[in-house]
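Enquirer: I am attaching a structure below and will ask some questions about it afterwards.
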Amino acid sequence: MAAASALACSAAIAASGAVVSKAVEIKGKTPADIQAKFGAFCAIKDWHPAVAECVESKEGEATFRTLTLKDGGVIKEKQMSRNAEGYSYKIVESPLPVKDYMATFSIKPDGDGEGNARVSWTASFQAKDKPEAEAKTVIQGIIDGGLASLAEMAAK
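The numbers in the numbering used here rise by one with no breaks, and the one at position 142 of the sequence shown is 144.
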């Protein structure tokens with residue numbers, strides 16, 4: 003069931019608006035190592051330099067996280083699916099110049115057979131109140147900054 007949800011989420015990402023994606027390879031760490039430290043839904047507060055706080059909550063069966071950013075902004079996100087490799091989520095409320103934002107954060111083997119991990123973050127969205135190029139720059143900055151910090155922390 004989770005795999006089907008992840009697949010549906012991936013299809014939604016591919017089918018809508020702008021797409022921003024980045025992956026980093028973590029040498030000498032297995033996906034299980036990275037998942038244990040960085041894979042929880044609210045672990046983003048520990049590795050993303052823009053996030054000051056993350057509070058996880060439940061509304062019925064749904065899981066949400068509310069991110070308080072270091073600049074004071076607040077983003078509420080809903081987890082759409084979760085499996086052993088990661089999770090997909092959508093933004094519910096946000097000051098960001100985007101709407102219909104869906105993303106997948108995943109941690110997988112890097113494919114070289116050496117026990118290294120590949121961390122990927124892919125987001126799709128429509129621009130809101132800004133040109134698409136500007137919205138893409140904002141989201142790319144969020145993803146790039148987050149994965150650079152995660153890779154640096156994971157290498158220690």
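Positions of the beta carbon are idealized from the N, C-alpha and C atoms, including for glycine. No experiment lies behind these values; they were computed from the predicted model shown.
(1) Check the C-beta distance from Cys56 over to Leu71 and give it rounded, since I have them as a contact under 8 Å.
(2) Once DSSP output is grouped into helix, strand and coil, what is the label at Ala64?
(3) Smallest Cα separation from Val21: which of Glu95, Phe66, Val140?
(4) Answer yes if the stretch 74-83 comes into contact with the stretch 118-131, meaning at least three C-beta pairs across the two stretches below 8 Å, and no otherwise.
(5) Using three-state DSSP, classify Phe40 as helix, strand or coil.
(6) When you compare each of Phe43, Met82, Asp48, Asp146 to Met155 by their alpha carbons, which one comes out closest?
(7) Between Lys158, Arg120, Pro97, which has its C-alpha nearest Phe107's C-alpha?
(8) Which whole-angstrom value is the C-beta distance of Ile145 and Pro33, which I expect to be below 8 Å?
Expert: Concretely, from the data shown:
(1) Not really, about 10 Å apart at Cβ, beyond 8 Å.
(2) It is a strand residue.
(3) Comparing Cα-Cα distances from Val21 to each of Glu95, Phe66, Val140, the minimum goes to Val140.
(4) By the Cβ rule, the stretch 118-131 does not count as touching the stretch 74-83, because fewer than three pairs are nearer than 8 Å.
(5) In the three-state scheme derived from DSSP, where H, G and I count as helix and E and B as strand, Phe40 is classed as helix.
(6) Distance from the Cα of Met155 is smallest, within the candidate group Phe43, Met82, Asp48, Asp146, for Asp48.
(7) Cα-wise, what sits closest to Phe107 is Arg120.
(8) The distance from the Cβ of Ile145 to that of Pro33 is about 19 Å, inconsistent with a contact at the 8 Å cut-off.
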